[in-house]
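Report on one structure; see the data block that follows.
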Amino acid sequence: MGGRRARLRRGSARTRTRFTMKRMLVNATQHEEVRVALVDGQELFDLAIEHREKEEKRGNIYKGRIARVEPSLEAAFVDFGAERHGFLPLEDISREYFLKTPESGKPLNIAELVEEGQQLVVQVEKDERDNKGAALSTHVSLAGRYLVLNANNPRGGGVSRQVRGEDRQAVQQRLGKLNIPKGMSVIIRTQGHDRSTEELQWDLDNQLRIWEAIKLAVLDRDGPFLVVQESSVILRAVRDYLSDSIGEVVVDDDEAYESIRSFMKHTMPHFLNRLRRHEGDGPLYNRYQIESQIDSAYRRRVNLPSGGQIIIDQPEAGICIDVNSARATSADDIEQTALQTNLEAADQIARQCRIRDLSGLIMIDFIDMRSSGANRQVEERLRQATRNEPARIQIGQISRFGILEMSRQRLRTSLVDATHETCPRCGGTGRIRGVESLGLHVLRMISEEAGKEGTSKVVAELPLVVANFLLNEKRSVLSQIEDVFKVSVVLVANSAMETPEYALRRVRGKDDDEDTPSYEMATVTAPPPSLLTPSSPKPPEKPAVERTLPDTAPPERKPRAAKKQSRRKKPKAGFFARLFGLDRKKKKADAGKKKQKAHPPKRTRSRHPPKGKSGGRGRKKGAPRAKGGQRPKADSRPKGQQKQKKGDGRAKAQPSPAAAKKDGEGPGGQAPRRRRRRRRRRPAADAPPPS
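The structure is reproduced here in structure tokens:
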């Protein structure tokens, strides 16, 4: 029975360990939308999505042409093949493209350094967003497994900020041993902090081979065209996030599985044993219970464990997050409730920022707290929650209004931009005008158009509900407008329109459509195509240089050497301490403490003190020590002639009964002597003098 219980306990322990493993889950069964999720047990902490319709250009390399130079912005607009021209600031233009060498000490003028029509190689740093074009740079960077090569920027090298302490110094030493060509620089990534110099050089050689192919491809052809396309979201996730902390890579599609396997075989063969094909009957994400967590990442409100919630809005000016206590009532008082809700919100905000890839300026409205220490506690909690973020994050302090400002680097297209379309009805505001408010607004616009000189007719094309409101509830107002301005007002109810859409047309002089029935005057005859209707995807542009796998196998990994624990040297004593001998006293005291720790005194639970060497009791307090360890000799004089001495250890003479009575002894004999460490009582002022 005991063995069976032990086996059950071991089995439950293995189950718990399995569910706390970090995994990379690749969902590629639907080719229109490919998803890569990073989970810790059954908790989602990162998500990347790639859509077929929305091609991500970040990281792509193009050969472009300068379309316009703007000295007022100190930037140039580059045509690189997209619908909008890319934005290229002066600071991101390499000096190799300057028409002349700038003079030292004088401000740079972009109009003198580059010109319209000039050909250059650019890389997309930020994708197009809203009305903004893509952000470009001529400083090309090629990302490998362990390092990033800055092909034409000699001052951009270094080590990832995630590498700290002694590891950073060791990585910098290995970085100095690499054979880096002149005019280039290298950044060691987090995945390469524990790699050998041979492995780093192997990765560097692969990136140099790609750069040589790029230089050959842009020589014989004018832009704009695509030179190198960044890897797919699946290979990027494997390249950037697969580390020793990831226990498994689970894939649910055969094509994606073979692609990952081939990439691992040529770049990281030691991770091949962690790649696994999902063989279950159900969907992969349902198996690990993260589909509902992904669904919550699309919602505006996110619930907290204690009953509170956070509300995430993404206007154009920045990202606003509001923290509400809602149903949080588990704490004892309102201050404790606010603190607990804010701490939970800090953890959830850090998680949602990474899952949704919220970037830019983020303003968080925490629940107001009276204690400044509680505010510092929430700030520290947010810093700890974002400590392992791959993005650069800056966190401010909570102001007196309860607002915390933070900024986050944009790593990829956000979840909303990758999966959502702007609503054609509200224009992205989330609200539309009511029927009556829109009807009154149209009525005022009709009155304004009718009052203009030369107007003979005003035709208003309206949604059905607005037209019904004006024709029935506001019929008298329409008649009054016609009588005052001597014009004809025609309302056309259009079923293809939705609020708040409407159209007004002012007719001057004679109307050519006078004989046309009103129900045939509608200009919008069909609703706009639904955003959910799948459109035929454009054929992808073929890059001039294909990203190929490395020609040579990576060097074999050497076993990691155990880290030596360095002992900190004790600081030397100062001048005055050595002058007055304080350091010798301290050393002597430390030696005594060490000796006392090495040989602690024996403790006994007995109420009696330990026996002496001769087997009897120990000497009394105050008794003189015997020479040579011998007991003191007894007084040989008669009993009545023995002198009484304090603390001599000898027998005391018995006082007479009268003296005992005078001293206050009871009938029980001699009173016990008080302990010496207690102060003796002084006689009172009115006490009789001793006889």
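Residue numbering for the sequence shown follows this note's numbering, starting at 359 and increasing by one per position. Using N, Cα and C, we set each Cβ at its ideal position, and we do this for glycine too.
When DSSP labels each residue in this structure, what does residue i get in the three-state scheme?
i, result
"R685", "coil"
"I839", "helix"
"H778", "coil"
"G1007", "With a pLDDT of 45 at G1007, under the threshold of 50, the modelled position of this residue cannot be trusted; read the value that follows with caution. In this structure, G1007 counts as coil in the three-state DSSP scheme."
"E310", "No information on residue 310 is available, as it lies outside the stretch 359 to 1049 that the chain covers here."
"G809", "coil"
"F827", "helix"
"H409", "strand"
"C711", "helix"
"Q694", "helix"
"T375", "Legend: pLDDT at T375 = 40, less than 50; position of this residue unreliable, no value from coordinates given."
"L380", "One point to set straight first is that residue 380 is Lys, not Leu, in the sequence displayed. It is a strand residue."
"Q388", "coil"
"A440", "coil"
"D525", "helix"
"K1020", "Caution applies to K1020, whose pLDDT of 45 falls short of 50 and renders its modelled position unreliable; the value that the coordinates give is listed next. Residue state, collapsed to three classes: helix."
"Y455", "helix"
"R833", "helix"
"M764", "strand"
From the options, pick the residue whose C-alpha is nearest to that of residue i; which is it?
i, options, result
"L471", "E432, E878, V384", "E432"
"Q755", "E747, R770, Q735", "Q735"
"A749", "R728, C711, E737, S729", "C711"
"E737", "E449, G718, G760", "G760"
"K810", "N537, V800, V845, A825", "V845"
"R635", "L907, A911, M382", "M382"
"L828", "F843, E840, L849", "L849"
"A703", "I670, F629, E408, E831", "I670"
"K832", "T813, S853, S805, K815", "S805"
"S664", "T695, Y656, G640, K573", "T695"
"S729", "G463, K573, L762, E693", "E693"
"R632", "S650, Y615, V427", "Y615"
"G666", "I679, R685, V823", "R685"
"P447", "T459, L466, E441, E461", "L466"
"V498", "I451, E473, R739, Q520", "I451"
"N682", "M727, S654, I648", "M727"
"P875", "A851, Q672, A808", "A851"
"T1114", "R709, V608, S853, S650", "Beyond the ends of the chain as shown, which are 359 and 1049, falls residue 1114; an answer cannot be given."
"T777", "A808, Q565, L907, Y656", "Y656"
"M879", "H389, A861, L405", "A861"
"G812", "R532, D610, K868, R791", "K868"
I'd like to know whether the C-beta atoms of residue i and residue j end up nearer to each other than 9 Å.
i, j, result
"G605", "M855", "no"
"V817", "R863", "yes"
"Q698", "V660", "no"
"I652", "Y646", "no"
"I720", "S772", "no"
"A314", "W569", "Nothing can be reported for residue 314: it is not among the residues displayed for the chain, which extend from 359 to 1049."
"L396", "A595", "yes"
"R802", "T857", "no"
"E899", "G439", "yes"
"S590", "V903", "no"
"G491", "G444", "yes"
"S717", "R789", "no"
"I618", "V384", "yes"
"I468", "A434", "yes"
"E557", "Y599", "no"
"V427", "E474", "yes"
"D775", "K412", "yes"
"V800", "L820", "yes"
"I713", "V394", "no"
"S601", "T687", "no"
"V847", "S814", "no"
"I677", "I668", "no"
"I545", "G514", "yes"
"T496", "Q476", "no"
"F724", "L662", "no"
I'd like to know whether the C-beta of residue i is nearer than 9 Å to at least one C-beta of chain D.
i, result
"N537", "Among the protein chains of the structure shown there is no chain D, as only one such chain exists."
Task: Entirely enclosed beta strand (DSSP E) segments - the stretch 466 to 495, minimum 3 residues - done: 477 to 484, 493 to 495
Open item on the list: Three Cβ pairs or more, each shorter than 8 Å: is that satisfied between the stretch 482 to 489 and the stretch 541 to 555?
Closed with: no
Open item on the list: So, does the stretch 414 to 432 touch the stretch 583 to 600, judging by three or more C-beta pairs under 8 Å?
Closed with: yes
TODO: Could you tell me whether the stretch 398 to 412 touches the stretch 620 to 638, where touching means 3 or more Cβ pairs closer than 8 Å?
DONE: no
Open item on the list: Check whether the stretch 626 to 640 and the stretch 454 to 463 touch, using three or more Cβ-Cβ pairs below 8 Å as the test.
Closed with: no
Task: Any alpha helix (DSSP H) of 4 or more consecutive residues that is wholly inside the stretch 717 to 743 - done: 730 to 743
Open item on the list: What ranges does the alpha helix (DSSP H) occupy inside the stretch 584 to 669, keeping only unbroken runs of at least 4 residues that lie completely in it?
Closed with: 591 to 599, 612 to 625, 642 to 645, 649 to 654
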